[in-house]
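Undergrad: The number in the numbering used here is simply the position in the sequence shown, starting from 1, with 20 added.
Quick reminder that beta carbons are idealized off the backbone N, C-alpha and C, glycines included.
First, the structure itself, so that you have it in front of you.
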Amino acid sequence: MASPLQRPLLLLLHVVTILPLLFLGDWRLLVPPLLSYVVTYTTIPFISEFLLKANMFGLDIGKRGTPTESKKIPEALGIVPGTTLILLLCLSLPLLITTHPSLLLPTLSSLFTILFMLFLGFTDDVLEWPWRVKLFLPAISSIPLICVYEGSTSVLCPVQLKGIFWREDGELTAFSDTISGLITAYPNSPTHLINIKYFYYIYMSLLSIFTTNSINIYAGINGLEVGQSIVIGGSILVHNVLSVGKGVNVEGSFFSLWFLSVFLGASLALCCYNWYPAKVFVGDTYCYFSGVIFAVVGIHGHFSKTLLLFLIPQVLNFLLSIPQLLKIVPCPRHRLPKYVVETGLMTVSRREDGGMNLTLINVALWVCGDMKEEHLTALLLVVQVAFSGVGFAIRYGGGSGLFFNEEL
Numbered sequence: 021m022a023s024p025l026q027r028p029l030l031l032l033l034h035v036v037t038i039l040p041l042l043f044l045g046d047w048r049l050l051v052p053p054l055l056s057y058v059v060t061y062t063t064i065p066f067i068s069e070f071l072l073k074a075n076m077f078g079l080d081i082g083k084r085g086t087p088t089e090s091k092k093i094p095e096a097l098g099i100v101p102g103t104t105l106i107l108l109l110c111l112s113l114p115l116l117i118t119t120h121p122s123l124l125l126p127t128l129s130s131l132f133t134i135l136f137m138l139f140l141g142f143t144d145d146v147l148e149w150p151w152r153v154k155l156f157l158p159a160i161s162s163i164p165l166i167c168v169y170e171g172s173t174s175v176l177c178p179v180q181l182k183g184i185f186w187r188e189d190g191e192l193t194a195f196s197d198t199i200s201g202l203i204t205a206y207p208n209s210p211t212h213l214i215n216i217k218y219f220y221y222i223y224m225s226l227l228s229i230f231t232t233n234s235i236n237i238y239a240g241i242n243g244l245e246v247g248q249s250i251v252i253g254g255s256i257l258v259h260n261v262l263s264v265g266k267g268v269n270v271e272g273s274f275f276s277l278w279f280l281s282v283f284l285g286a287s288l289a290l291c292c293y294n295w296y297p298a299k300v301f302v303g304d305t306y307c308y309f310s311g312v313i314f315a316v317v318g319i320h321g322h323f324s325k326t327l328l329l330f331l332i333p334q335v336l337n338f339l340l341s342i343p344q345l346l347k348i349v350p351c352p353r354h355r356l357p358k359y360v361v362e363t364g365l366m367t368v369s370r371r372e373d374g375g376m377n378l379t380l381i382n383v384a385l386w387v388c389g390d391m392k393e394e395h396l397t398a399l400l401l402v403v404q405v406a407f408s409g410v411g412f413a414i415r416y417g418g419g420s421g422l423f424f425n426e427e428l
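Next comes the structure, spelled out in structure tokens:
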């Protein structure tokens, strides 16, 4: 749990994150984000008691062999920030309509999707859904987002493939004419844009599946799930502020700022209870909730490719996990690092065949050596921040041209 010194610092951090909302032109829009921290912070202890009474609790696997290994810790507390966000944004709809009426439809579709994923996450904490369900349902929940998407479906053609679509004189090849019903290339296009049409909607659905599950598989130690979500959300918020400052994709950035400010307030409050030693567990409920928030703002904010730049550790962890997820090598139910009672440190966990469990958490321990759980969480969050810096360098550096059509 966050110390008495850390809690006001988290509140101060939240106040800083909501200041960009002043760009929206109405100080009343600051009220929901401010309330999100206060409501979540004060509600969590109350809801925790009800969850314990309903036998919704977990045991901290990372503390086996210690006096606290049998302590019941309330589970699925991600339901609190999720419900807080939905209620506050619903109550704020009249204000949003009067200030930014064009955001009403994407906001309603987003709230529907978030509610669906919050329900899926909570039922997963209760029923422990199999992976085929976890992969299928996020695709269904993304349908409202896709139906009201009004952004570009064009992408830049890779240099290596330009010869397939364009001749040297800029005219289209016979292949381009043949597949024009599926993919459209534009003759004499200086930017070599191709409209991938329906494939872009499939990409957005896959993005929703990835974001909701990527947080879920990169988890398991106190504070990591909510911590990485705060870093990712903060990185997106900075990107939105830069976009507004340049006068680029202003409406999409406003939409993202509106959702993220409330999300970050609720998440910072949850972090106060989930930081080491955790007083509550966020559960799959929060993992799905945070993941779908990123999908929502990335799709309706028209920066879905930029979003992936802030998810580099999650992508690496997913790629690293593929052999175990596909059962190519043994995959135990829990792949968390092992707690060594004698030293009080976390160490690499191993499979039944002696190999290391393939997660970014174990790789960090393998590279840096055994360490305390709170230090491990801090290290992984520093890595997350560092990769966000890499993402900004790519987005605003040499590769900035790859993302310009997100601003159409």
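1) Shortest alpha-carbon distance to S263 belongs to which of K92, C307 and F274?
2) Going by the beta-carbon positions, is the gap between E89 and L79 smaller than 8 Å?
3) Smallest Cα separation from S255: which of F338, L284 and T305?
4) Hey, which unbroken runs of the alpha helix (DSSP H) at 4 residues or more fall wholly within the stretch 358 to 407?
5) Is L288 near I250, with beta carbons less than 8 Å apart?
6) By how many angstroms is the C-alpha of G98 removed from the C-alpha of I241?
7) Looking at C-alpha atoms only, which residue of V368, V312 and T118 is the closest neighbour of L131?
8) Using three-state DSSP, classify D145 as helix, strand or coil.
9) Give me, in chain order, the residues of the same chain whose beta-carbon lies closer than 6 Å to that of T204; leave out the 5 immediate sequence neighbours on both sides.
10) Buried or exposed: which applies to D144, given that a residue is buried once 16 or more other Cβ atoms fall within 10 Å of its Cβ?
11) Measuring straight from C-alpha to C-alpha, what distance separates A234 and D189?
12) Of the residues P126, G272, K91 and F185, which one's Cα is nearest the Cα of N208?
13) Three-state secondary structure (DSSP) at P53?
14) For E393, which residues from the same chain have a beta carbon less than 7 Å from its beta carbon, with the 5 sequence-adjacent residues on both sides left out?
15) For N337, which three-state DSSP category applies?
16) Which residues bound the alpha helix (DSSP H) around I319?
17) According to DSSP, what are the bridge partners of V175?
18) Measure how close the beta-carbons of T127 and V100 come, nearest whole angstrom, since I'm counting them as under 8 Å.
19) How many angstroms separate the CA atom of L140 from the CA atom of L123?
20) What number of angstroms, rounded off, separates the C-alpha of G409 from the C-alpha of Q334?
21) Out of S200, E245 and T305, point me to the one whose CA is closest to T5's CA.
22) Tell me the DSSP bridge mates of W186?
23) In this structure, what does DSSP give as the bridge partners for I93?
24) So, are the CB atoms of H320 and G272 less than 8 Å apart?
25) I need the DSSP call for A286, collapsed to helix, strand or coil.
TA: So, from the listed chains and residues:
1) F274
2) yes
3) L284
4) 380 to 388
5) yes
6) 15 Å
7) V312
8) helix
9) N215
10) buried
11) What sits at residue 234 in the sequence shown is Ser, not Ala. Cα-Cα distance, rounded: 44 Å.
12) F185
13) helix
14) G82, I241, N242, Y296 and M366
15) helix
16) G303 to H320
17) I214
18) Contact flag wrong, Cβ pair sits at about 21 Å.
19) 26 Å
20) 15 Å
21) An answer regarding residue 5 cannot be provided, because it is not within the stretch 21 to 428 covered by the chain.
22) L192
23) G78
24) yes
25) helix
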